[in-house]
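**Q**
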Amino acid sequence: VQLQASGGGLVQTGGSLRLSCAASGSSLGFNVMGWYRQAPGKQRELVASISSGSSMTYADSVKGRFTIARDGAKIAVYLQMNNLEPEDTAVYFCNAVRLTRVYWGQGTQVTVSS
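As structure tokens, this is what we get:
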């Protein structure tokens with residue numbers, strides 16, 4: 607199973623981006639899918655996640671600005687990021703969990719200029 611993330615880029619403060627992540631190599635859905643990010647010199651942190659039952663979790667820093675969604679087959683996940691701030695600059699990784707297996711995408715860079 608491979609996760610392919612896309613949608614990163616450079617935007618100005620207040621701008622928007624939409625990240626996408628799709629799984630290949632398996633048609634089975636995942637229990638949980640989500641997005642993490644890692645800024646230079648910082649630990650990787652959870653940004654948002656969504657369960658198979660559509661329960662969503664957000665980091666406090668992104669609540670009200672980011673929205674996570676997934677497709678009906680539960681093999682793709684999206685992150686709509688609005689009102690971006692320079693503090694959101696990081697490499698964003700998609701993540702998927704199926705039973706005890708954890709999968710990571712390759713990361714996509716998001717840079718927010720002030």
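Heads up: the sequence shown at position 56 corresponds to 662 in my numbering, and the numbers run straight through without jumps. Just so you know, even glycine gets a beta-carbon here, dropped at the ideal spot from N, CA and C. In this text the structure is predicted, and so the values were computed from the model without any measurement.
(1) How many angstroms separate the CA atom of Arg643 from the CA atom of Ala682?
(2) Does DSSP put Val683 in a helix, in a strand, or in coil?
(3) Measuring CB to CB, does Arg663 end up less than 9 Å from Gly640?
(4) Can you grab the Cα-Cα spacing for the pair Trp710 / Ala679, in whole Å?
(5) Output needed for Ala628: all residues of its chain with C-beta closer than 6 Å, excluding positions within five of it in sequence on either side, in chain order.
(6) Determine the closest residue to Phe672 out of Ser658, Val653, Glu693, with distance taken between C-alpha atoms.
(7) What's the call for Arg707, buried or exposed, on a 16-neighbour Cβ count within 10 Å?
(8) Kindly indicate the opening and closing residues of the beta strand (DSSP E) around Arg643.
(9) Output the distance between the C-alpha atoms of Ser719 and Gln712, rounded to the nearest integer angstrom.
(10) How many whole angstroms separate the CB atoms of Val697 and Gln715, which I take to be in contact at a CB cut-off of 8 Å?
**A** Based on what the coordinates show:
(1) 18 Å
(2) strand
(3) The question names Arg, yet the displayed sequence has Thr at residue 663. Yes; because the gap between Cβ atoms is below 9 Å, this pair is in contact.
(4) 18 Å
(5) Gln610, Ala682
(6) Val653
(7) exposed
(8) 638-644
(9) 23 Å
(10) 5 Å
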